[in-house]
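Participant: Numbering (this note's numbering), first residue to last: 111 to 190.
1) Check whether the Cβ atoms of residue 176 and residue 164 lie closer than 8 Å to each other.
2) Report the CB separation of residue 139 from residue 149 in whole angstroms; it is logged as a contact under 8 Å.
3) Just to confirm, are residue 166 and residue 124 a CB contact at a threshold of 8 Å?
4) Over what stretch of residues does the alpha helix (DSSP H) that includes residue 117 continue unbroken?
5) Looking at the unbroken alpha helix (DSSP H) that takes in residue 185, where does it start and where does it end?
6) What do you get for residue 130, buried or exposed, if any count of 16 or more other CB atoms within 10 angstroms of its CB means buried?
7) Just how far apart, CA to CA, sit residue 171 and residue 116?
See below:
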């Protein structure tokens, strides 16, 4: 699991994967983690309970954190 909590970790990812394809593949996985964790996919829940909106592609813009998360995604791509 790659945590992107600060500028140093973003820079490390960019330097580790300088070619576009490698960077794009790894960053897509990194980009998806907040959707699952914030959306509640990994939280223990009752079998009948659904995860939050951020977990599902078609519903994720309903979650206000979607826009904060994607502003961060845009920052990473700009630095790349």
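Ideal Cβ placement from N, Cα and C applies to all residues, glycine included. Remember, it's a predicted structure, so these values are computed and weren't measured experimentally.
Facilitator: Judging by the given coordinates:
1) Closer than 8 Å, so yes.
2) So it is not a contact: roughly 16 Å between Cβ atoms.
3) Their beta carbons are not under 8 Å apart, which means residue 166 does not touch residue 124 by this criterion.
4) DSSP places residue 117 in the uninterrupted alpha helix (DSSP H) bounded by 117–126.
5) DSSP places residue 185 in the uninterrupted alpha helix (DSSP H) bounded by 175–189.
6) Counting the other Cβ atoms within 10 Å of the Cβ of residue 130 gives fewer than 16, which makes it exposed.
7) Cα to Cα, the separation comes out at about 24 Å.
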